Amino acid sequence: MLLAVLLVLLPLQDPRSAQGHPLYMRLPPSTLQALSAQGTKALQAAQKSAQWAVNLVAMEIQHRLRECRGPWHLRPQAPFLQDPAEPGPCGERLPSTVNVTQAQGRIMGGSAAPPGAWPWLVRLQLSGQPLCGGVLVEASWVLTAAHCFAGAPNALLWTVKLAEGPSGEQAEEVPFDPRTFHSDLALVQLWTPVSPAGAARPVCLPQGPQEPPAGTTCAIAGWGAFFEDGPAAEAVREAHVPLLRADTCRRALGPGLRPSTMLCAGYLSGGIDSCQGDSGGPLTCSETGPRPREVL
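Read left to right, the sequence shown gives residues -20 to -1, 1 to 276 (mature numbering (1 follows the signal peptide of the UniProt record, and there is no 0)).
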């Protein structure tokens, strides 16, 4: 599984020009790496702030859940991810939701996605506060970023909001290297599987190790902030970004990029990107054929 590392090109302190368009400046690789580290620290601080308010009642919640649902070991185990070589219905978007024009601007301040445009998109919330994005890969499984759970592994504090409605779940943390973001993956197991009759549906997983070539235009979507340290979006927003060559990414982000497990997408000129709150969200590429679909 490859991770999408989106180039972060931040707006100036005043994010709007006199004409109302975003203003951007290029930042050196050392600054980008420092900001990435600071962003992770800010996320951890927000997690701790949200967690302390519920720690006093966590044991009571756990007790009540045990009374209602029975002991944890009696809970039915969800089937694990299907073999991507034999995919079921996945990655299909309703024709009326496909945006044929390329999104302008970042997800922050960019284009609002039509309702139901990304039926596999989810939002992870800690004690009701949105922190990260995720992607539905099976009826009972969501894939997201491991760093979202740093400092807040208690499953009782987390909920997942589907693009079309809420659902209660259990989170499972996967260890990763916070210095390099290697293995920055986590799986979230839902308490209740998503109904196949509902609007939500899983995205397709890659069927092999072959990745799309550099220059391929792929899609990002989420509820992330409109600008750095800005408010989160109330509705899903979308944008399109090209995949970049590994050597281009290394020059911008430094040697921490690992081409064997990561890929890079974005614009060197800035203006289209993801932002805070979009971590863990999907980068999907269209796969043509008799039934076009989106592949993670």
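Yeah, the Cβ is synthetic: ideal placement off N, Cα and C, and Gly gets one too. Small disclaimer: the values here were computed from a predicted structure and weren't measured.
Nearest Cα to P99 within the set R238, G269, G261 and T268: G261.
With a threshold of 16 other beta carbon atoms within 10 Å, G246 meets it and is buried. Here T264 is bridged, per DSSP, to A199. The three-state reading of DSSP puts A245 in strand, counting E and B together. Contact between the stretch 229 to 242 and the stretch 195 to 207 is absent: fewer than 3 CB-CB pairs across the two stretches fall below 8 Å. Below 8 Å, too few C-beta pairs join the stretch 217 to 232 and the stretch 165 to 178 to call them touching: fewer than three. Three or more beta-carbon pairs separated by less than 8 Å link the stretch 116 to 133 to the stretch 248 to 262, which places the two stretches in contact. Nearest in C-alpha terms to Q190, of all of S240, E218 and V216, is S240. Cβ contact annotation for C184 (same chain, cutoff 6 Å, sequence separation greater than five): P67, C70, G71, R273 and V275, in chain order. Membership of R231 in the alpha helix (DSSP H) is indicated by the continuous run A226 to L233. By DSSP's assignment, E214 forms no beta bridge with any residue. Taking H162 as reference, the option from P182, T196, M242 and C112 with the minimal CA-CA separation is M242. With respect to the C-alpha of K141, the residue from L101, Q169, A179 and P186 having the closest C-alpha is L101. One thing to note: V221 has its Cβ no nearer than 8 Å to the Cβ of A93.
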